[in-house]
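S.K.: In the numbering used here, the protein residues as written are 18 to 196. Even glycine gets a Cβ: it sits at the ideal position worked out from N, Cα and C. Nothing here was measured: the structure is a model prediction, and the numbers come from that model.
Put into structure tokens, the structure is as follows:
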């Protein structure tokens, strides 16, 4: 099947990831333009990111008690818009990975179900064959040689029987007197 061999789902996820970059750029532009979005969506994560980053840098350099000055509003809005854009790209990438995982897990589950069904079918066939074998053994044991004669007649007459060829007849006609 050609359609199954072509990874259409992978192509679609790649397309979604590529479309997320322009979408993130539009959201960043909207975040810079809208005062509400700027004040409540962009600035708090930017200030938190700046505070965590500066505290980590100061601890690495050995400054323990120094206070971190917040970013000015313009720099915080820019950083917040950038963080929001990257979060969108990261979120779309994560969603694509999750969807691919779910798709592959579904395929594996279907494959396992098909294998289990085939095993059940084989087990049922084996049980039928065992039952037939048990019936044949029971018929052979109860009927004496009758079942063997019936089984032998299905394959042709047994050698040496009244219906079969005589031992010498297999090699051609018996030599007679010479004329």
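With a CB to CB cut of under 7 Å and the five nearest residues on each side skipped, what residues in its chain are close to residue 105?
M.R.: The answer, listed in chain order, is 37, 40, 41 and 44.
S.K.: Which residues mark the beginning and the end of the alpha helix (DSSP H) in which residue 80 is found?
M.R.: Unbroken run through residue 80: none, as it is neither H nor E.
S.K.: Confirm, please, whether the CB-CB distance from residue 48 to residue 98 is below 8 Å.
M.R.: In contact: residue 98 and residue 48 (Cβ atoms closer than 8 Å).
S.K.: Can you give me the C-alpha to C-alpha distance between residue 112 and residue 93, rounded to a whole angstrom?
M.R.: Cα to Cα, residue 112 sits roughly 28 Å from residue 93.
S.K.: Exposed or buried, residue 5, counting other C-beta atoms within 10 Å across all chains shown (16 or more means buried)?
M.R.: Given that the chain is displayed from residue 18 to residue 196, the structure contains no residue 5 and the question cannot be resolved.
S.K.: Going by the beta-carbon positions, is the gap between residue 29 and residue 66 smaller than 8 Å?
M.R.: The answer is no: Cβ separation not under 8 Å.
S.K.: Got a sec: is the Cβ-Cβ distance from residue 56 to anything in chain D below 8 Å?
M.R.: The chain labelled as chain D is not found in the depicted structure, where only one protein chain is given.
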